[in-house]
Every structure is written in C-alpha cells, then in structure tokens.
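Participant: Provided herewith is a single structure, encoded as structure tokens, for subsequent inquiry.
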Amino acid sequence: MDDTRLVVNCGSSSLKLALFDAQDRLITSALAERLNSCNVRATISGKDSPVALPSEASHTQALEALIDEFRALGLMPSAPSAIGHRVVHGGETFRHSALIDDAVREAIDACSGLAPLHNPVNLTGIDATRAMFPRVPQVAVFDTAFHQTLPRKAFHYAVPEYWYRDWGVRRYGFHGTSHKYMAQEAARRLGQPQSNTSIISCHLGNGCSITAIRNGISVDTSMGLTPLEGLVMGTRSGDVDPGLFDYLATKGLSAKRVNKALNSESGLLGISGQTNDMRTLCDLADNGHEASNLAIDIFCFRLAKYIGGMMTSLSRLDALVFTGGIGENSPRIRQMTLENLTILGFSIDHEANKNHGRQADGRVDEKNSRFPVLVIPTNEELVIAREAARFAHAPDPA
Ligand code: AMP
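Below, the structure written as structure tokens:
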C-alpha cells in the first residue's frame, strides 16, 4: 500500500495541510487563509497560481478543493494511508495521541469548553476527512498531551481546590508536539538516549512557551489553563497580575474586554505600538524606535527569568534549546537572552550564533559555557505525521 500520510491543521480562519511519504519526507504542503470571508485564498507550495475556491469558502470546502488538487497534480494517491489531525486541547482525557472513533470524537468535543476557539474548528477538519475517507485511520494529536506528565506541584494553581476539582482549572500547557520533537532531536544530536536527556525547550514564535523536560518527560511548562500565561508573545501579554481585572473594571473595562486586550493587543504589539512581528521590531529598533527596543528588552528579560525558573525542575541540564520562528532565526534574541543569564554560566559563540548553530549539531555555545545551547528547527507537522502512522495501526502503542 502507498504509505502517504496527510496532516491536517485547522485554525480559526485557516487550514494547513501537509503530505509526508513513508520515509518522513515532506511531499507537499498547502495553506488556505481567511476562510469564511470574501478574501479567502488557497495555495499549494511550489505552485504559483492559487487554488480556486468559492467566496466565503468553509474549512470543509477548502479541504476538499486542496485534496482534489493534490490528486490532480499526482501528489497523492486516491486516499492517504493515515491522517493526523492537530487538536489543541485534550484536557486530562488524552495523555497520548488517539485513534479517532465516535467516542474519541465525543471526548474531544467535551474538551471544547477549555478551548472554545480551537477544538470545535479542529473537529470540523476531523468530520470532513472522516466523511471523505471513511476507511482511512485518523489520529488526533494533542497540543496538551505531552504535558500530562507534569507533577501536581507544577500543574496545580494556588486557588480554591474546587476550581480544579469541579471545573478543571489547572495548568495544561501547549506546543506539546514542538517540545516533544525538541526532546527527541536534542537527545539525537547530543548522542544520548531521550530517556536520559534533560533539556529546557524554548518555543519562540508568534506564540511562545518554555518547557522543562526531565529524562524525556515534560515536568514544567509556562503556558497554563490557556495559551495566555507565561512568556511575552507576539500579541499576548504572558504573565500579568490577575489583580488588574478588578482595577481595570474601575476604568470601565469588562473582564471580556481585558481578556481580549491581553490576547490580541498586548505582547510585542502592545509594548511597541507598532507590530507583533519580531523581525520588523528589530528593524524598527535599529532605526531608533525606543518602544520597539523596549519590547525586545522585555521579551528577552522575561524569557531569561523563565529559563532560570525552569531549572528548578531539573537535576541536570543537558541543553538549552531554541526553536520557533524567533528561536530559530534571531541571533539577537538568543544573545540578549543569554546575556541576562551569565550568572548561570551560559556563554555564546557569536560566530555559531550568527549562523543559527554549527552545521554538525546546531550548537551555539562557547567551549567554556556551562551548558550546551542548541538551535533546532521545529517540525510539528512531521511529529503529527509520525504519530498518525504509529497510532493508525496500534491504538495505544505508547
Ligand atoms: P512562527 O509563529 O514560529 O512562524 O514565528 C513567527 C515569528 O518569527 C515572527 O515574530 C517573525 O518575525 C519571527 N522571525 C522569523 N524570522 C526572523 C528573523 N530572521 N529574525 C527575527 N525574527 C524572526
């Protein structure tokens, strides 16, 4: 049988697809954006002309059109051998990926209260491909599952116990597929078994999170009940004093309004007043824009503070790892962050850092650095494709 795996990632207004062959090589990928609007657009990588979609096309319509186009271009057999779906929230129900049947679908739906903007749209993708390919095994891969190993002291908030017991208020953590990949790749590059490798993984993209991974297992992470907690991000504030809700109520801002501002008007965008894009921010700072400079400063300082904090969960650190659009591509952010941590003995090799890591292993630390520092490109789609293959034929191989 042709072993092509399809990866489906449904966002609130976007759809990303990726096709992998049996050797984990990417065959092609596709992106549909601004779905359900009159500006909808869909493209397949390497193809100049967009794929035709009706105005206000839905996720399901875009999925069908892109799959038809994959087939027409000879990129995909009539059906893939397995389909992997990114699902944002698995609550405490899912500690691993899961082969999707009606019961699993229902359980994903039951987690929707914890991720109302994400799980329902993830289910739209699942329903569409189950209808299209009823005989193909489909696997849900959860952003939260990797963090289900967090010990209670790391996931439990210091709030009334019944908030957790009755309503599930706790730290769940996100970006699990990326952090899991970092654990695998760092161990491989260091030439150690994953089960004996402890790292701190910094995923720095538009969303940012940091995870302490002890002997291959997630033991602390910065995102919480929602992806708002933790580091400064593109438009998200990260940690703030929850007392600000009450204070801002006296200024006429409702909790809903404050929540929206903390999610979409804060972070790098909020501080700089200009952009959530780190590359643009660096250009602005270089041209003397003070607020952009401050945004970068705060981003690196807060990240460094978290790196120090994550050490609390480890007895040994085999590597600090940078990934995500910023982590992989910005020597400046890596350097500024580590300059805040000289007391811990980090020391960076400027030449290697400029090149985003030495060719052989991605290391950017200097010889006398107390800890190795690695730059590792993330590949969440590949993790999902691998999980799809693994779980498609063995429901609980973990
Ligand atoms: P992601 O969400 O992982 O795609 O990452 C997006 C972020 O990575 C944006 O803030 C980009 O500006 C940032 N980024 C990408 N390339 C660079 C670069 N060369 N320098 C700084 N930031 C970058």
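Using the working numbering, the letters of the sequence shown correspond one by one to residues 1301 to 1698.
The beta carbon of each residue, even a glycine, is placed where N, CA and C say it ideally should be.
Go through the residues and name those whose CB comes closer than 5 Å to any heavy atom of ligand 1, in chain order.
Facilitator: Residues with a Cβ closer than 5 Å to any heavy atom of ligand 1, in chain order: Gly-1505, Asn-1506, Asp-1577, Met-1578, Arg-1579, Gly-1624, Gly-1625, Ile-1626, Asn-1629 and Ser-1630.
Participant: Do Leu-1388 and Asp-1324 have their C-beta atoms closer together than 7 Å?
Facilitator: Strictly speaking, residue 1388 in this sequence is Val, with Leu absent from that position. Cβ atoms of Val-1388 and Asp-1324: not closer than 7 Å.
Participant: State the DSSP-derived secondary structure class of Glu-1333, mapped to helix, strand or coil.
Facilitator: Residue state, collapsed to three classes: strand.
Participant: What does the alpha-carbon distance come out to for the pair Arg-1658 and Asn-1629?
Facilitator: One C-alpha to the other measures close to 14 Å.
Participant: Among the residues of its own chain, which have a CB less than 7 Å from the CB of Gln-1438, if the five just before and after it don't count?
Facilitator: Ile-1383, His-1385, Ile-1400, Ile-1426, Thr-1429 and Arg-1430.
Participant: Does the beta-carbon distance from Cys-1310 to His-1359 come in below 7 Å?
Facilitator: Contact: yes.
Participant: Taking Cβ positions, are Leu-1569 and Asn-1576 nearer each other than 7 Å?
Facilitator: Yes.
Participant: Could I get the ranges of all uninterrupted alpha helix (DSSP H) runs contained in the region 1620-1682, with 4 residues as the minimum, in chain order?
Facilitator: Runs found: 1624-1629, 1631-1639 and 1650-1654.
Participant: Excluding sequence positions up to five away, which residues of its chain have a Cβ less than 6 Å from the Cβ of Phe-1691?
Facilitator: Within the same chain, Phe-1691 has close Cβ partners Ser-1397, Leu-1399 and Val-1439.
Participant: For Met-1376, I'd like the list of residues in its chain whose CB is within less than 8 Å of its CB, leaving aside the five on either flank, ordered along the chain.
Facilitator: The answer, listed in chain order, is Thr-1304, Leu-1306, Leu-1319, Ile-1327, Ile-1367 and Phe-1370.
Participant: So what's Phe-1474 in DSSP terms, helix, strand or just coil?
Facilitator: Phe-1474 falls in the coil class under three-state DSSP.
Participant: What do you get for Arg-1489, buried or exposed, if any count of 16 or more other CB atoms within 10 angstroms of its CB means buried?
Facilitator: Classification of Arg-1489: buried, given that the 10 Å Cβ count is 16 or more.
Participant: Compute the beta-carbon to beta-carbon distance between Cys-1338 and Ser-1355, rounded to the nearest angstrom, for a pair I have assumed lies under 8 Å.
Facilitator: Indeed they touch by this definition, with Cβ atoms about 5 Å apart.
Participant: Mind checking who Ala-1318 pairs with in its DSSP beta bridge?
Facilitator: Val-1307 and Ser-1329.
Participant: Nearest to Gly-1507 by CA position, among Glu-1333, Ser-1378, Leu-1644 and Gly-1625, is which residue?
Facilitator: Taking only the C-alpha atoms, the option nearest Gly-1507 is Gly-1625.
Participant: Whole angstroms is fine: what's the gap from Ala-1415's alpha carbon to Gly-1468's?
Facilitator: Cα-Cα distance, rounded: 12 Å.
Participant: Let me know the secondary structure DSSP gives Phe-1442 once reduced to three states.
Facilitator: Of the three classes helix, strand and coil, the one that applies to Phe-1442 here is strand, per DSSP.
Participant: What number of angstroms, rounded off, separates the C-alpha of Val-1441 from the C-alpha of Glu-1392?
Facilitator: Going from the Cα of Val-1441 to the Cα of Glu-1392 covers about 14 Å.
Participant: Is the beta carbon of Asn-1481 less than 7 Å from the beta carbon of Val-1340?
Facilitator: Note that residue 1481 corresponds to Tyr in the displayed sequence, not to Asn. Result no, Cβ atoms of Tyr-1481 and Val-1340 do not sit closer than 7 Å.
Participant: Alpha carbon to alpha carbon, how far is Thr-1535 from Ile-1598?
Facilitator: C-alpha separation (whole angstroms): 14 Å.
Participant: Would DSSP call Asp-1368 helix, strand or coil?
Facilitator: DSSP places Asp-1368 in helix when its eight states are reduced to three.
Participant: Ligand 2 heavy atoms versus the CB of Asp-1618: any closer than 6 Å?
Facilitator: Among the ligands present in this structure, namely ligand 1, ligand 2 is not found.
Participant: Helix or strand or just coil, what does DSSP make of Val-1469?
Facilitator: Coil.
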